[in-house]
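Student: In our numbering, the protein residues as written are 37 to 169. Just dropping this structure here.
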Amino acid sequence: MYFLVQANVYLDPDHYKIFDALEELSVDYHVINIPPTAEKIDFETDRKDVFVYGSVTIARLAKQNTDWFPGSFYGGNHLYEVYSKYYGENLLNHKVSVHKISEELIWKMDELKFIKPYNEAKIFTGKVFNETE
Numbered sequence: 037m038y039f040l041v042q043a044n045v046y047l048d049p050d051h052y053k054i055f056d057a058l059e060e061l062s063v064d065y066h067v068i069n070i071p072p073t074a075e076k077i078d079f080e081t082d083r084k085d086v087f088v089y090g091s092v093t094i095a096r097l098a099k100q101n102t103d104w105f106p107g108s109f110y111g112g113n114h115l116y117e118v119y120s121k122y123y124g125e126n127l128l129n130h131k132v133s134v135h136k137i138s139e140e141l142i143w144k145m146d147e148l149k150f151i152k153p154y155n156e157a158k159i160f161t162g163k164v165f166n167e168t169e
C-alpha cells in the first residue's frame with residue numbers, strides 16, 4: 037500500500053507520528069500539502085494501491101481518483117472490525133484487540149498499552165497507559 041500523507045494538518049498535534057509508523061514498517065509514502073481551497077489532489081502516480089492520510093479535505097478529494105484503492109475512508113464506517121475484514125495486515129494497527137471497558141485487561145510487568153475509545157470516541161483521548169493509570 038502507498039500512503040499519500042498530508043503535511044499541513046495543524047489541528048492534530050500528534051499528526052507527525054504517522055511518519056514514525058510508516059518508517060518503522062517500511063511503508064512507501066509521499067508527503068503533500070493540500071490547500072484548504074484545493075479542488076483536486078495535485079499528485080500523479082501509476083500505483084493503484086493508494087491511501088490518503090490527513091484532513092477531511094484530502095479524504096474528500098481522494099474520492100475523485102476512482103482507480104485508487106482504498107483511496108480514503110471518508111464517509112464510511114470507520115470501525116476497526118470493518119477495516120480489518122477487508123485490509124487485514126495492510127492496516128498499520130492490524131495486531132490490535134478490541135475490549136469492552138467493563139472487561140479486565142491482562143497486563144505484563146511494566147507493560148504499556150495504547151488505549152483509545154472505540155464506539156464512543158469522545159470519552160477520552162487515546163494515549164499510552166500503564167496499568168495504574
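C-beta atoms are modelled at their ideal positions from N, C-alpha and C, and glycine is treated no differently.
1) Please classify ALA57: is it buried, with 16 or more other beta-carbons within 10 angstroms of its beta-carbon, or exposed?
2) Considering only residues of the same chain and omitting the five flanking positions on each side of ASN44, which have a CB-CB separation below 6 Å?
3) Tell me, which residues are paired with LEU40 by DSSP?
4) Give the DSSP bridge partners of VAL164, in chain order.
5) Could you tell me which residues DSSP puts in a beta bridge with GLY107?
6) With respect to the alpha helix (DSSP H) encompassing TYR52, which residues constitute its N-terminal and C-terminal limits?
Tutor: According to the data block:
1) exposed
2) ASN69
3) HIS66 and VAL88
4) PHE150
5) PHE87
6) Here TYR52 belongs to no alpha helix (DSSP H), and DSSP marks it neither H nor E.
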